[in-house]
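Going by our numbering, the first residue of the sequence shown is number 290, and it counts up by one from there.
Glycine included, each C-beta is placed from N, C-alpha and C at the ideal position.
None of the values given here were measured: they were computed from a predicted structure.
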Amino acid sequence: MAKTQFTITLSWRDEAYGSISSGAQAFRHSQEPMMSDNQFKQLNRLFKRFGFEGNFSRASYIAQFRDADNPVKFTAALEEAGYIVKHDGAIPAALAQALAASQDDELADEPAAPRM
């Protein structure tokens, strides 16, 4: 039986977090299809490995540090773990640049359209 491919959508947040440092990175997520409890626990362990802790009063996962490359590394780890990752919301600048660069690379790899 084939392993189920999950799509994770990260809705990046850019809010005032009050007592949480101003450099915090945060997101809300959704996934399709629904995960089992064990699969969800594995995903949460991956979130924690990159410093994202669940803040249930804000319904977000928040990392309270200022490593600008963390979202890029986090996304790469999710993809390496087999997830399809989509981004939404206030995407962090370093991640937006990395996504744009990878899109440019994909376009460069496509064959040119025939001339008429």
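{"Check": "As assigned by DSSP and simplified to three states, the class of K362", "Outcome": "helix"}
{"Check": "Straight-line Cα distance separating P322 from H376", "Outcome": "17 Å"}
{"Check": "Short Cβ contact (9 Å threshold) for N333 with G340", "Outcome": "no"}
{"Check": "Residue of S349, T293, P360, A366 minimising C-alpha distance to N384", "Outcome": "The identity of residue 384 in the sequence shown is Leu, whereas the question assumes Asn. When only C-alpha atoms are compared, the closest one is P360."}
{"Check": "A390 (DSSP reduced to helix, strand or coil)", "Outcome": "helix"}
{"Check": "Spatial neighbours of A348 in its chain, beta-carbon cut-off 8 Å, leaving aside the 5 residues before and after", "Outcome": "R317"}
{"Check": "For F329, the three-state DSSP class (helix, strand or coil)", "Outcome": "helix"}
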